[in-house]
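*Asks:* Pasting in a structure now, in structure tokens, and then I'll have a few things to ask.
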Amino acid sequence: MSFITVHTDQGTQQLPLGSTVTDLLAHLNQARCLDDTAVATAVNGEFVPRSERAQHTLHDGDAVLCFSAITGG
Amino acid sequence: MTRQTTPWHIGDTPLTSRFLLGTAGYPSPQILREAIIASGSQVLTLGLKRTLAVPGGGDNGFVDIIRTTAREQGAHLLPNTAGCRSAREAITLAHMARELLGTHWVKLEVVGDEQTLQPDPFELLDAARQLVSDGFEVLPYCTDDLVTCQRLVDAGCRVLMPWGAPIGSGLGLLNPWALRTLRARLPHTTLIVDAGLGAPSHATAAMELGMDAVLLNSAVSQSGDAVRMATAFRHAVQAGRTGFEAGLMPTSDVAVATTPVGGQPFVLL
Chain A
1467 MSFITVHTDQ
1477 GTQQLPLGST
1487 VTDLLAHLNQ
1497 ARCLDDTAVA
1507 TAVNGEFVPR
1517 SERAQHTLHD
1527 GDAVLCFSAI
1537 TGG
Chain U
20 MTRQTTPWHI
30 GDTPLTSRFL
40 LGTAGYPSPQ
50 ILREAIIASG
60 SQVLTLGLKR
70 TLAVPGGGDN
80 GFVDIIRTTA
90 REQGAHLLPN
100 TAGCRSAREA
110 ITLAHMAREL
120 LGTHWVKLEV
130 VGDEQTLQPD
140 PFELLDAARQ
150 LVSDGFEVLP
160 YCTDDLVTCQ
170 RLVDAGCRVL
180 MPWGAPIGSG
190 LGLLNPWALR
200 TLRARLPHTT
210 LIVDAGLGAP
220 SHATAAMELG
230 MDAVLLNSAV
240 SQSGDAVRMA
250 TAFRHAVQAG
260 RTGFEAGLMP
270 TSDVAVATTP
280 VGGQPFVLL
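Protein chains in written order, with our numbering: chain A, 1467 to 1539; chain U, 20 to 288.
Here it is as structure tokens:
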């Protein structure tokens, strides 16, 4: 197949095969769903540092979650 | 001249304020800002959440005001791992917090019960071990169980955050005996009573026991006047610590006369 499906809080996203976390964030940023400078990312529950996003290739069915700072006690 | 109470440390960082403040549940960013300033707190807690971090901010500006006010006041940010139910989740969240907030401090929370929100001691210990190994300054939110606390210290935690009562309950110190025991048995560990404090008198009591600091959130944010309440807690923490350093009088089960009348005034001996 020439595309993959990944699951995010912004819904299911279809991306070209070989897409990385950076590609996904750029895709979400374009759609004004996400400020990729203000989030940390996890793929299938594992933290992916910002420095590794461009090298982290996504696979079909991956779950990518983005976290931001909030108020807290 | 009023003598300042002794400074203390979180890890290698010296602090003078012994009042740590949570940032959740305030009616507005401006009130939160004013409460932070009124509290004199040098440590502010935040959380992390799966949110739609939209451009321009989607939280009505709360996080921005915390960052700005912290910078102005010279305060440190302390991210928590609230909501995590396993060591794995807490470890992942801690790493994300470090990247987002630029601090290696983490208030480690791993929930073990949905009603009391008390920590799962086994997952907490596993997470603490890993995060200490990963270079974090781990501040575990724990119960007042001595054995669990000792294991956390053995795992490398230099700070412990035993509860006073369940989070948000406002019940105060449910087990002063246990806190007193922790103080006596862990004399070299920084102890911060966290959770359950509802009134300034609770904070004073905690400090009089010899605790190094307190952390509270709801008692201020849920007050009718959060800014005045932050001021009240500031004074309460200072009063308790000053009293502790001055040395509390010994207690007695019977009366001890204070006025030196030397017997009964109208009885000839």
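Glycine is no exception: its CB is placed at the ideal position from the N, C-alpha and C atoms.
Do you know how far the Cα of A/Ser1468 is from the Cα of U/Thr87?
*Replies:* Counted from its first residue, the second sequence places residue 87 of chain U at position 68. Counted from its first residue, the first sequence places residue 1468 of chain A at position 2. Taking the straight line joining both Cα atoms gives about 46 Å.
*Asks:* Tell me U/Tyr160's beta-bridge partners as DSSP assigns them.
*Replies:* Here residue 160 of chain U corresponds to residue number 141 of the second sequence, with the count starting at 1. Its beta-bridge partners are U/Met180.
*Asks:* Report the neighbours of A/Gly1538 on chain U: residues whose CB is nearer than 7 Å to its CB, in chain order.
*Replies:* Taking the first residue of the first sequence as 1, we reach residue 1538 of chain A at position 72. Under the 7 Å cutoff, chain U gives Gly41, Thr42, Ala43, Thr64, Leu65, Gly66, Asn99, Ala101.
*Asks:* Less than 8 Å between CB atoms is the rule here; does U/Phe81 satisfy it with respect to chain A?
*Replies:* Counted from its first residue, the second sequence places residue 81 of chain U at position 62. With 8 Å as the cut-off, U/Phe81 counts as an interface residue toward chain A.
*Asks:* For U/Val256, I'd like the list of residues in its chain whose CB is within less than 7 Å of its CB, leaving aside the five on either flank, ordered along the chain.
*Replies:* Start at 1 with the first residue of the second sequence, and residue 256 of chain U comes out as number 237. So the qualifying residues of the chain are Arg37, Phe38, Ala222, Met226, Val233.
*Asks:* Under a CB-based cut-off of 8 Å, is U/His114 close to chain A?
*Replies:* Here residue 114 of chain U refers to the residue found at position 95 of the second sequence. Output row for U/His114: interface = yes.
*Asks:* Once the 5 residues before and after U/Phe285 are set aside, which same chain residues still bring their CB inside 7 Å of it?
*Replies:* Within the second sequence, numbered from 1, the residue matching residue 285 of chain U stands at position 266. So no residue of the chain qualifies.
*Asks:* List, in chain order, every chain A residue whose beta-carbon is nearer than 7 Å to that of U/Thr70.
*Replies:* As a first step, residue 70 of chain U must be located in the second sequence, where it is residue number 51. Result: Ser1534, Ile1536.
*Asks:* Does any C-beta atom of chain A lie closer than 8 Å to the C-beta of U/Arg177?
*Replies:* Within the second sequence, residue 177 of chain U is the residue found at index 158, counting from 1. No, U/Arg177 lies away from the interface with chain A (no Cβ there is under 8 Å from its Cβ).
*Asks:* Quick one: does U/Leu13 have its CB under 8 Å from some CB of chain A?
*Replies:* The structure shown does not extend to residue 13 of chain U, since chain U is modelled only from 20 through 288, so no value can be given for it.
*Asks:* At a cut of 8 Å, does the stretch 246-260 of chain U reach the stretch 195-212 of chain U through at least three beta carbon pairs?
*Replies:* Judged by Cβ distances under 8 Å, the stretch 246-260 of chain U makes no contact with the stretch 195-212 of chain U, as fewer than three pairs qualify.
*Asks:* How long is the line joining the alpha carbons of A/Phe1513 and A/Leu1531, rounded to whole angstroms?
*Replies:* Along the first sequence, one-based indexing puts residue 1513 of chain A at 47. Along the first sequence, one-based indexing puts residue 1531 of chain A at 65. Their Cα atoms are separated by approximately 9 Å.
*Asks:* Tell me where the alpha helix (DSSP H) around U/His254 begins and ends.
*Replies:* Indexing the second sequence from 1 puts residue 254 of chain U at position 235. Its alpha helix (DSSP H) spans residues 245-265.
*Asks:* DSSP beta-bridge partners for A/Ser1534?
*Replies:* Position 68 of the first sequence holds residue 1534 of chain A. DSSP, once it has assigned bridges, lists U/Lys68 as partnering A/Ser1534.
*Asks:* Counting along the chain, where does the alpha helix (DSSP H) carrying U/Thr200 start and finish?
*Replies:* As a working mapping, residue 200 of chain U is identified with position 181 in the second sequence. Element bounds for U/Thr200: 195-204.
*Asks:* Is any beta-carbon of chain A found at less than 8 Å from that of U/Ser289?
*Replies:* Outside the modelled stretch of chain U, which goes from 20 to 288, sits residue 289 of chain U, for which no answer is possible.
*Asks:* Counting beta carbon pairs with one atom in the stretch 191-203 of chain U and one in the stretch 233-242 of chain U, are three or more of them shorter than 8 Å?
*Replies:* The answer is no - the stretch 191-203 of chain U does not touch the stretch 233-242 of chain U, with fewer than three Cβ pairs under 8 Å.
*Asks:* The beta strand (DSSP E) spanning U/Leu136 covers which residue range?
*Replies:* Here residue 136 of chain U is taken as the residue at index 117 of the second sequence, counted from 1. No beta strand (DSSP E) holds U/Leu136; DSSP gives it neither H nor E.
*Asks:* In whole angstroms, what is the alpha-carbon distance linking A/Ala1529 and U/Ala57?
*Replies:* Working through the first sequence from its first residue, we reach residue 1529 of chain A at position 63. Working through the second sequence from its first residue, we reach residue 57 of chain U at position 38. So the two alpha carbons sit approximately 43 Å from each other.
*Asks:* With U/His28 as the anchor, note down where its beta strand (DSSP E) starts and where it stops.
*Replies:* Locating residue 28 of chain U in the second sequence gives position 9, counting from the first residue. Per DSSP, U/His28 belongs to the beta strand (DSSP E) from 27-29.
*Asks:* Would you mind stating whether U/Tyr160 and U/Ala214 have Cβ atoms separated by less than 8 Å?
*Replies:* Within the second sequence, residue 160 of chain U is the residue found at index 141, counting from 1. Within the second sequence, residue 214 of chain U is the residue found at index 195, counting from 1. Yes, they are a contact pair.
*Asks:* Could you pull out every residue in the same chain whose Cβ sits closer than 7 Å to the Cβ of U/Leu150, ignoring the five residues on either side in sequence?
*Replies:* Taking the second sequence and counting its residues from 1, one reaches residue 150 of chain U at position 131. Closer than 7 Å at the Cβ level, and outside the excluded window around U/Leu150, lie Ile110, Ala113, Val125, Leu127, Val157.
*Asks:* Using a Cβ-Cβ distance under 8 Å, would U/Thr223 count as near chain B?
*Replies:* No chain B appears in the structure shown, which is made up of the protein chains A and U.
*Asks:* Could you check whether A/Leu1483 and A/Val1472 sit closer than 8 Å to each other, using their CB atoms as the reference points?
*Replies:* Here the question's residue 1472 of chain A lines up with position 6 in the first sequence. Here the question's residue 1483 of chain A lines up with position 17 in the first sequence. Cβ atoms of A/Val1472 and A/Leu1483: not closer than 8 Å.
*Asks:* Which residues in the same chain have their Cβ closer than 8 Å to the Cβ of U/Arg148, if we skip the five residues on either side of it in sequence?
*Replies:* As a working mapping, residue 148 of chain U is identified with position 129 in the second sequence. Around U/Arg148: Ala174, Gly175.
*Asks:* Is any beta-carbon of chain A found at less than 8 Å from that of U/Arg170?
*Replies:* Residue 170 of chain U sits at position 151 when you count from the first residue of the second sequence. No - not a single Cβ of chain A is within 8 Å of the one on U/Arg170.
*Asks:* Taking its Cβ as the centre, do 16 or more other Cβ atoms sit within 10 Å of U/Met20, making it buried, or is it exposed?
*Replies:* Position 1 of the second sequence, counted from the start, is the residue given in the question as residue 20 of chain U. At U/Met20, the pLDDT of 41 sits below 50, so the modelled position is not reliable; the number obtained from the coordinates is stated separately. Classification of U/Met20: exposed, given that the 10 Å Cβ count is below 16.
*Asks:* Where do the N-terminal and C-terminal ends of the alpha helix (DSSP H) with A/Asp1489 fall, by residue?
*Replies:* By 1-based counting over the first sequence, the position of residue 1489 of chain A is 23. Segment 1487-1496, the alpha helix (DSSP H) holding A/Asp1489.
*Asks:* How big is the Cα-Cα spacing for A/Asp1475 and U/Ala224?
*Replies:* The count along the first sequence starts at 1 and reaches residue 1475 of chain A at position 9. The count along the second sequence starts at 1 and reaches residue 224 of chain U at position 205. Spanning the two alpha carbons is a distance of roughly 44 Å.
*Asks:* Looking at the structure shown, is U/Pro84 part of a helix, part of a strand, or coil, going by DSSP?
*Replies:* For this step, residue 84 of chain U is matched to residue 65 along the second sequence. Rather than Pro, the amino acid found at residue 84 of chain U in this sequence is Ile. Note: U/Ile84 maps to helix in three-state DSSP.
*Asks:* Once the 5 residues before and after U/Ala241 are set aside, which same chain residues still bring their CB inside 7 Å of it?
*Replies:* Reading the second sequence from its first residue, position 222 is the one you call residue 241 of chain U. The sequence shown places Gln at residue 241 of chain U, not Ala. The answer, listed in chain order, is Gly44.
*Asks:* Consider the Cβ of U/Arg107: report whether some Cβ of chain A lies at a distance smaller than 8 Å.
*Replies:* For the purposes of this step, residue 107 of chain U is identified with residue 88 of the second sequence, where counting begins at 1. Taking Cβ atoms only, chain A reaches closer than 8 Å to U/Arg107, which makes this a yes.
*Asks:* According to DSSP, A/Pro1482 sits in a beta bridge with which residue or residues?
*Replies:* In the first sequence, the residue the question calls residue 1482 of chain A occupies position 16. A/Pro1482 pairs with A/Phe1469.
*Asks:* For U/Val82, which of U/Ala101, U/Leu51, U/Gly191, U/Ala274 has the nearest alpha-carbon?
*Replies:* Indexing the second sequence from 1 puts residue 82 of chain U at position 63. Per the Cα distances, U/Leu51.
*Asks:* Could one say the Cβ of U/Leu120 lies closer than 8 Å to chain A's Cβ atoms, at least one of them?
*Replies:* As a position in the second sequence, residue 120 of chain U is number 101, starting the count at 1. Interface residue, yes.
*Asks:* Near U/Leu165, which residues of its chain fall below 7 Å by C-beta distance, leaving aside the five closest residues on each side in sequence?
*Replies:* Position 146 of the second sequence, counted from the start, is the residue given in the question as residue 165 of chain U. Contacts found: Thr200, Leu201, Arg204.
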